[in-house]
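Structure first, commentary second.
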Amino acid sequence: MGEFSLHPGEELATALRRGGVYLQSCGIESGQVDAELLAAFLLEKSGKEPVSRGRVQALALMGSAVPEGFESLINLRGDRLPLQHLTGQAHFRGLTLSVGPGVFVPRPETELLVEHAKTAYLSLVNQGSTGVVVDLCAGSGAIAASLAAELAGASVHAVELSSDAAAWAQRNLAEHAVHLVQGDALTALPELLGQVTVVASNPPYIPDGAVPRDPEVRDHDPNLALYGGGEDGMKMPRAITARAFDLLTPGGYFIIEHAETQRELMVTAFKRTGFERIESIDDFAGKPRHTSGYKPLPAPPSVKE
16 MGEFSLHPGE ELATALRRGG VYLQSCGIES GQVDAELLAA FLLEKSGKEP VSRGRVQALA
76 LMGSAVPEGF ESLINLRGDR LPLQHLTGQA HFRGLTLSVG PGVFVPRPET ELLVEHAKTA
136 YLSLVNQGST GVVVDLCAGS GAIAASLAAE LAGASVHAVE LSSDAAAWAQ RNLAEHAVHL
196 VQGDALTALP ELLGQVTVVA SNPPYIPDGA VPRDPEVRDH DPNLALYGGG EDGMKMPRAI
256 TARAFDLLTP GGYFIIEHAE TQRELMVTAF KRTGFERIES IDDFAGKPRH TSGYKPLPAP
316 PSVKE
């Protein structure tokens with residue numbers, strides 16, 4: 016396949032249309048959107064102010080010129096470099112996160128996990144819970160940053176093993192007063208055992224033999240963030256579930272993201288660990304994407320007659 020090249024004197028509207036078609040021919044379904052987002056990034060970079068897709072579309076109608084660097088970025092995206100690596104940004108629940116090589120790019124599905132964690136937190140704090148939140152396998156820090164931004168007064172902690180990912184998380188969490196630990200999610204934060212209101216996690220969960228089809232994921236998301244261990248990919252999710260149970264205060268809430276094929280395996284793991292009020296939660300596409308549950312409260316003392 017040949018490279019994308021601009022025509023002499025080509026205006027933005029035509030370049031966007033052709034760039035979108037080129038990206039679609041490279042197997043990128045969101046080609047038109049990506050072309051507009053790349054143009055927005057370049058215009059924002061040169062103008063030092065935010066530029067939306069809507070603004071790009073308006074400039075195209077006005078016959079504006081193509082921003083410098085557009086041709087190069089279209090070709091890099093056509094080579095299946097992640098859009099977020101090209102812009103250095105990922106948008107997540109109203110936040111703009113810094114991302115790039117070495118860190119998992121947060122997905123829209125995980126925004127739903129944050130919403131459920133937030134709702135449970137508010138309910139539990141209203142009932143007198145501690146107000147402590149932990150994000151295990153934090154990656155870019157998307158979950159922790161969102162919860163810290165949206166939950167006033169929460170004490171938020173994040174744990175990430177990879178030094179590369181932790182460096183990105185540190186950048187994203189700096190303004191949110193999140194306590195970041197670079198370490199093993201299965202042993203970190205021993206001082207919080209039995210004290211946490213909400214634990215949220217998007218751990219690695221892809222089965223060892225299930226190599227992702229999309230080059231953006233297969234070639235650019237770090238393996239440490241993808242593969243959960245074992246033929247079913249459940250080694251890490253099961254271990255995270257057990258660790259979450261230990262961290263939670265009685266009555267605390269845990270929610271985890273997983274593959275759509277792992278719903279029953281995840282529910283079983285929750286039951287065996289001791290969780291109750293277990294719920295399987297569908298994502299925006301109607302596929303089972305999250306499982307949640309509560310650590311039981313102590314049994315009330317028996318009344319002697």
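Everything in the sequence shown is counted per my numbering, starting at 16 for the first residue and increasing by one. Ideal Cβ positions, reconstructed from N, Cα and C, are used throughout, including at glycine.
**Report entry** Nearest-angstrom Cβ-Cβ length linking residue 275 and residue 304, presumed shorter than 8 Å
**Finding:** At roughly 6 Å, the Cβ-Cβ gap stays under 8 Å, so residue 275 and residue 304 are in contact.
- Item | Runs of alpha helix (DSSP H) lying entirely within the segment 167-232, each at least 4 residues, in chain order | Within the segment 167-232, the runs of alpha helix (DSSP H) that reach at least 4 residues and sit entirely inside it are, in chain order, 178-188.
*Reducing DSSP to helix, strand and coil, say where residue 19 ends up.*
Note: residue 19 maps to coil in three-state DSSP.
Residue 328 versus residue 169 - alpha carbon distance: With the chain represented from 16 up to 320, any question about residue 328 goes unanswered, as that position is not in the structure.
Quiz item: Helix or strand or just coil, what does DSSP make of residue 145?
Solution: Of the three classes helix, strand and coil, the one that applies to residue 145 here is coil, per DSSP.
Between which two residues does the beta strand (DSSP E) containing residue 265 stretch?
Annotation: the continuous beta strand (DSSP E) that includes residue 265 extends over 263-272.
Could you check whether residue 308 and residue 290 sit closer than 8 Å to each other, using their CB atoms as the reference points?
Result yes, Cβ atoms of residue 290 and residue 308 sit closer than 8 Å.
* Would you mind working out which of 108, 264, 247 and 53 sits nearest residue 156, comparing C-alpha positions? => Of 108, 264, 247 and 53, the residue nearest in Cα terms is 108.
Reduced DSSP category for residue 122 - H, G, I as helix; E, B as strand; rest coil: Three-state result, residue 122: coil.
message = So for residue 247, helix, strand or coil by DSSP?
response = DSSP places residue 247 in the coil class of the three-state scheme, outside both helix and strand.
ask   = Just the Cα atoms here: how many angstroms apart are residue 270 and residue 67?
value = Per the coordinates, the alpha-carbon of residue 270 lies some 33 Å from the alpha-carbon of residue 67.
Query raised in the report: At a Cβ threshold of 8 Å, is residue 44 touching chain B?
Result: The structure shown contains no chain B, having only a single protein chain.
### Task
Identify which residue in 39, 86, 69 and 74 has its Cα closest to the Cα of residue 22.
Residue 22 has its Cα closest to that of 86, out of 39, 86, 69 and 74.
For the segment 195-206 against the segment 251-259, do three or more pairs of beta-carbon atoms, one drawn from each stretch, fall closer than 8 Å, so that the two count as touching?
With a cut-off of 8 Å, the segment 251-259 and the segment 195-206 count as touching, because enough Cβ pairs lie within range.
Measure the C-alpha to C-alpha separation of residue 189 and residue 171 and round it to an integer number of angstroms. Taking the CA atoms as reference points, residue 189 sits about 12 Å from residue 171.
Quick check: the Cα distance between residue 296 and residue 262, rounded to an integer number of angstroms?
When rounded, the distance between both Cα atoms is 22 Å.
(message) Based on DSSP bridge pairs, tell me the residues matched to residue 104.
(response) In the DSSP assignment, residue 104 is bridged to 113.
*asked:* Just verifying my parser: in three-state terms, what is the DSSP assignment at residue 44?
replied: In the three-state reduction of the DSSP assignment, residue 44 falls in the coil class.
Distance check for residue 315 and residue 103, CA to CA, integer angstroms please.
Distance between the alpha carbons of residue 103 and residue 315 is about 52 Å.
Can you give the beta carbon distance from residue 112 to residue 101, rounded, assuming they're within the 8 Å contact cut?
Rounded, the Cβ-Cβ distance is 15 Å, inconsistent with contact.
Item to complete: Please state whether DSSP places residue 151 in a helix, a strand or coil.
Response: In this structure, residue 151 counts as strand in the three-state DSSP scheme.
Exercise for review: In angstroms with no decimal places, state the Cα-to-Cα distance between residue 82 and residue 29.
Suggested key: Answer to the nearest angstrom: the Cα atoms are 13 Å apart.
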